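**Q** Structure below; questions to follow.
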Amino acid sequence: MRKLTAPLLALSVLVATAVTAQDSIPYLTGKVTISIHQGTLDCDLTLKNYPHIGDYLIRLNSGMNIRYFRSVQPDFKIYYDRSLTDSTATDETNGYSFPADPKQGGKFLPQAIRFRYTGKYPVITDTALSGEVSVDDWRGNIAFNGTTFRADGLQSCWYPVLYNIKTKQRYDHLKYDLEVDCPDCKVIYINGTTPVSGPHARLHSDVPRELFIYAGDIMVVNSGGSNFLNADLDQTHLRSFTKTTEDIKHFYESRMKVPITDTVTYVQANPTAPNHAWAFIAFPSIINVGFGKYALNSYADPRENDWLVQTVSHELGHYYFGTLRRFTTWFEPVLNEGLAEFLALNVLHSIRTDSGYQKAIARKIKAMKDFKPLPFARLTSSQGFHDRELYVYYFAPLVYLAIQKEIGEKATWEWMHQLLTMPADRTDYGFLEATLGKALGDPARLATLKAKYFDSDEALGNAIQTLNPAPKTP
Ligand SMILES: [Zn+2]
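Written as C-alpha cells, this is what we have:
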C-alpha cells in the first residue's frame, strides 16, 4: 500500500456521496497518442458514468506506466493500491484501486477518474523471419509489428476497465468520444466506427463497444456494406464475404423485424510471432491474425465454411441479444449466449445446407453425452451450470430449437420478439417463461412445454428426442 496523505482523510465522507447510478454504461473520453515506429501508446483518458461498486479493481495493461490517476469531481490526484492477487486468465493486466481510509480500509471510487499513462512495447518488424521475434502473440497482446498497432478490448485493457470483484462483471464495453493522434498512421480504426484516413481521428460511439483498436498502414475496402481492413481479398472472396454477411443480416431482419445497422468490419492482422494464428470477434469487428495459409485471404471462404457462417451469425445475433436487449442476473448467459447460438443455428439452416445444420446439432449432442444439466427452472445460481460452456452454448440452444420445432415458426419469432421487447426489471428464468407464455397465448400449452423442457430432469433428452427422433422400430 502506498503512503496516504491529506486528501484521503476526507474520503470517507466522499464514499457516501459517490456515484449511485445503477447499471450505467461507462463513458470514456480523452486523447490517445500512438507511435507505430516507436511502439508507444500515450493516454490521457477520463472515465465516468460507471456504477458505484464497493469492491472493485480498475484493470490496465501491465505495460502501462502510470503518470497519475486523478479524481475529477472533486479534483485531486489519487493515491492508489495495486492488487498483488488480481489475475486475469492471461495475466496482461494490473488491478488498481483507491484506498478510502487508511485506518478503516475500504475503497473509494470517485465520480469520474482521469487516467494518464504511457506504455512502450517492442516493435517487431521481422515476423516473417525467425530472428528477433517474440515467443508468443495472443489476443490480449498489445502488438506493434512495424506497420500496424493492434490491441483488443477484452484482455489487453489498453484502456481502464472497471471490474466488480463480487459479481465478476467487467465494464469493458464503453461509450466513447476519443481523439486519436498517430503521426505515422495512414488509417485509424476503433471498433464500431468508420475507419478514418490520416494521422488524426475523432472517434465517437453512443453504442457501448469493446474498444478493439487497429491503426497504421491499413488498406480499407468497403464492399456491399461491409468494411475490410488489410484483408487483401480477391474479387471472388470479397463477393463471398459480402454476400454471406448480407444473407445473415437479411435473415435476421426478416425474422426479428429490427434491421442491423452496424457495419461488419473484417480485419486481417499480421502476428508478432511466427507460426501463430487465431481469430477473435469484437462485435461488429471480426479479426483474423495470421500469416500465409492462415491469412484471411487464403483459408476462409464463407461459401465452404459452416463454422465461419455460424460464428459470424452468432456474433451478429448479439446485436439483438446482448446489445438491444441487455440481460441481467446470473441467468443472463442462458439467454444471451444461448439465444445467440440458437439464432446462429437457424441462420446456418436457412442459408447453408440441411446437412451442415444437422452436423452442427449432432456435434452439440455428442459433446453433451456425459452431461446431466439441471433444467432452467431449477437452477438457483450460475453454479448450477456445472459446465458453463456446455450449459449455455450447447444445452440452452437445443432446448430453444426443440421448442421451436414444437410451436412452429410464427410463434417462435413472436417469442424472440417478446424476448427482445417485453419490459422487465429482472431478466431471469421467470422472464423467459413469461415471454414464451405471451407468444403462445395458451396457458395449457405453456404448462406442457414447461414440464417437458424447463422443469424436467429429462429436459436434454426430451430436446434431443424432439430434434432427432429415433427411427420407429416395427
Ligand atoms: Zn456469444
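Last residue of the sequence shown: number 478 in our numbering, and the count goes up by one each step with no gaps. Cβ atoms here follow ideal geometry from the backbone N, Cα and C, with glycine treated the same way. Source: prediction; values computed, not measured.
Is there contact here, the segment 304-320 with the segment 285-293, by at least three beta-carbon pairs under 8 Å?
**A** Segments in contact, yes.
**Q** Among all the DSSP beta bridges, which residues are the ones paired with S359?
**A** Residue mapping note: residue 359 aligns to position 355 of the sequence shown, counting from 1. Answer is none; S359 lacks a bridge partner.
**Q** Assign W162 to buried or exposed, taking buried as 16 or more other Cβ atoms, counted over all protein chains shown, within 10 Å of its Cβ.
**A** Locating residue 162 in the sequence shown gives position 158, where the first residue counts as 1. Buried, by the Cβ-count rule.
**Q** Tell me the start and end of each unbroken beta strand (DSSP E) in the segment 244-278 that is at least 3 residues and wholly inside, in chain order.
**A** Qualifying beta strand (DSSP E) stretches, in chain order: 269-273.
**Q** Hey, quick one: how far does the alpha helix (DSSP H) through S227 stretch, first residue to last?
**A** Looking up residue 227 in the sequence shown gives position 223. From DSSP, S227 is part of no alpha helix (DSSP H) but of the beta strand (DSSP E) over V224 to S227.
**Q** Is there contact here, the segment 45-65 with the segment 82-101, by at least three beta-carbon pairs under 8 Å?
**A** yes
**Q** Should Q314 and A364 be called a contact, given that it needs their Cβ atoms to be closer than 8 Å?
**A** Residue mapping note: residue 314 aligns to position 310 of the sequence shown, counting from 1. Residue mapping note: residue 364 aligns to position 360 of the sequence shown, counting from 1. Yes.
**Q** Is any heavy atom of ligand 1 found at a distance shorter than 7 Å from the C-beta of H318?
**A** Position 314 of the sequence shown holds residue 318. It does: the Cβ of H318 is within 7 Å (strictly closer) of some heavy atom of ligand 1.
**Q** Between the C-alpha atoms of K35 and A443, what's the straight-line distance to the nearest angstrom?
**A** Locating residue 35 in the sequence shown gives position 31, where the first residue counts as 1. Locating residue 443 in the sequence shown gives position 439, where the first residue counts as 1. Their backbone Cα atoms lie some 48 Å apart in a straight line.
**Q** Enumerate, from N- to C-terminal direction, the unbroken beta strand (DSSP E) stretches of 3 or more residues contained entirely within the segment 83-134.
**A** 97-101 and 116-124
**Q** With a threshold of 7 Å, establish whether the CB of F344 neighbours any heavy atom of ligand 1.
**A** If you number the sequence shown from 1, residue 344 lands on position 340. Checking the displayed sequence, the identity of residue 344 turns out to be Ala instead of Phe. Yes, ligand 1 has a heavy atom inside 7 Å of this Cβ.
**Q** Based on DSSP bridge pairs, tell me the residues matched to Q422.
**A** What you label residue 422 is simply residue 418 of the sequence shown in a count that begins at 1. Answer is none; Q422 lacks a bridge partner.
**Q** Using DSSP with H/G/I as helix, E/B as strand and the rest coil, what is T333?
**A** Sequence index remark: in the sequence shown, residue 333 carries index 329 (1-based). Per DSSP, reduced to three states, the secondary structure at T333 is coil, with no helix or strand assignment.
**Q** How do the segment 394-406 and the segment 365-380 stand: do at least 3 beta-carbon pairs fall below 8 Å, yes or no?
**A** yes
**Q** Quick one, are the C-beta atoms of A299 and Y218 less than 8 Å apart?
**A** For the purposes of this step, residue 299 is taken as the residue at position 295 of the sequence shown. For the purposes of this step, residue 218 is taken as the residue at position 214 of the sequence shown. No, the Cβ-Cβ distance between A299 and Y218 is not below 8 Å.
**Q** What would DSSP say about V211, mapped onto helix, strand or coil?
**A** Your numbering for residue 211 matches position 207 in the sequence shown. Three-state result, V211: strand.
**Q** What are the partner residues of I290, as DSSP defines its beta bridges?
**A** Along the sequence shown, one-based indexing puts residue 290 at 286. DSSP, once it has assigned bridges, lists Y270 and I285 as partnering I290.
**Q** Tell me whether the segment 423-434 and the segment 331-343 touch, counting them as touching only if at least three CB pairs, one residue from each stretch, are closer than 8 Å.
**A** yes
**Q** Measuring CB atoms only, is the segment 210-228 touching the segment 166-179, in the sense that at least three cross pairs come out at less than 8 Å?
**A** Output reads yes: the segment 166-179 touches the segment 210-228.
**Q** Which two residues bound the contiguous alpha helix (DSSP H) that contains Q159?
**A** Here residue 159 refers to the residue found at position 155 of the sequence shown. Unbroken run through Q159: none, as it is neither H nor E.
**Q** Work out the CA separation of I411 and E418 for me, nearest whole Å.
**A** Sequence index remark: in the sequence shown, residue 418 carries index 414 (1-based). Sequence index remark: in the sequence shown, residue 411 carries index 407 (1-based). Answer to the nearest angstrom: the Cα atoms are 11 Å apart.
**Q** Ligand 1 heavy atoms versus the CB of H280: any closer than 7 Å?
**A** Counting from one through the sequence shown, the residue named residue 280 turns up at place 276. Relative to ligand 1, even the nearest heavy atom lies 7 Å or more away from the CB of H280.
**Q** Between the segment 456-463 and the segment 337-352, can you find at least three pairs of beta-carbon atoms closer than 8 Å?
**A** no
**Q** Quick check on the DSSP output: the beta strand (DSSP E) that includes S230 runs from which residue to which?
**A** Residue numbering aside, residue 230 sits at position 226 when the sequence shown is read from its first letter. Looking at the DSSP string, the run of the beta strand (DSSP E) that includes S230 is S230 to L233.
**Q** For ligand 1, is there any heavy atom lying closer than 7 Å to the beta carbon of E393?
**A** As a first step, residue 393 is located in the sequence shown; it is residue number 389 there, counting from the start. The answer is no for E393.
**Q** Expressed to the nearest angstrom, what Euclidean distance is found between the alpha-carbon atoms of S201 and V165?
**A** Walking along the sequence shown from the start, residue 201 turns up at place 197. Walking along the sequence shown from the start, residue 165 turns up at place 161. Those two C-alpha atoms are separated by around 28 Å.
**Q** In this structure, what does DSSP give as the bridge partners for L32?
**A** Residue numbering aside, residue 32 sits at position 28 when the sequence shown is read from its first letter. According to DSSP, which records beta bridges pairwise, L32 is partnered with L51 and Y180.
**Q** Evaluate T240 with the Cβ neighbour count: other Cβ atoms within 10 Å of its Cβ, from every protein chain shown; 16 or more gives buried, anything less gives exposed.
**A** For the purposes of this step, residue 240 is taken as the residue at position 236 of the sequence shown. Looking at its Cβ environment, which holds fewer than 16 other Cβ atoms inside 10 Å, T240 is exposed.
**Q** Just to confirm the assignment, what range does the alpha helix (DSSP H) spanning G317 have?
**A** Indexing the sequence shown from 1 puts residue 317 at position 313. Here residue 317 turns out to be Ser, not Gly, going by the sequence shown. D310 to G321 is the extent of the alpha helix (DSSP H) around S317.
**Q** I62 by DSSP, collapsed to three states: which one?
**A** Looking up residue 62 in the sequence shown gives position 58. If DSSP states are grouped into helix, strand and coil, I62 belongs with the strands.
**Q** By the DSSP assignment, the alpha helix (DSSP H) with Y433 in it spans what residues?
**A** The count along the sequence shown starts at 1 and reaches residue 433 at position 429. Where Y433 is concerned, the enclosing alpha helix (DSSP H) stretches over Y433 to L444.
**Q** Excluding sequence positions up to five away, which residues of its chain have a Cβ less than 7 Å from the Cβ of Q26?
**A** As a first step, residue 26 must be located in the sequence shown, where it is residue number 22. At Q26 the pLDDT is 37, less than 50, meaning the model places this residue with poor confidence and gives no usable figure here.
**Q** Tell me whether L300 sits in a helix, a strand or coil according to DSSP, three-state version.
**A** As a working note, residue 300 is residue 296 in the sequence shown. It is helical.
**Q** Counting along the chain, where does the beta strand (DSSP E) carrying Q469 start and finish?
**A** The residue given as residue 469 occupies position 465 in the sequence shown. Counting along the chain, Q469 falls outside any beta strand (DSSP E), though it belongs to the alpha helix (DSSP H) covering A463 to L471.
**Q** Please report how far the alpha carbon of G157 lies from the alpha carbon of S28, in whole angstroms.
**A** Sequence index remark: in the sequence shown, residue 157 carries index 153 (1-based). Sequence index remark: in the sequence shown, residue 28 carries index 24 (1-based). Rounded to whole angstroms, G157 to S28 spans 19 Å at the Cα level.
**Q** For L464 and P114, I'd like the C-alpha separation in whole angstroms.
**A** Here residue 464 refers to the residue found at position 460 when the sequence shown is read from its first residue. Here residue 114 refers to the residue found at position 110 when the sequence shown is read from its first residue. Going from the Cα of L464 to the Cα of P114 covers about 47 Å.
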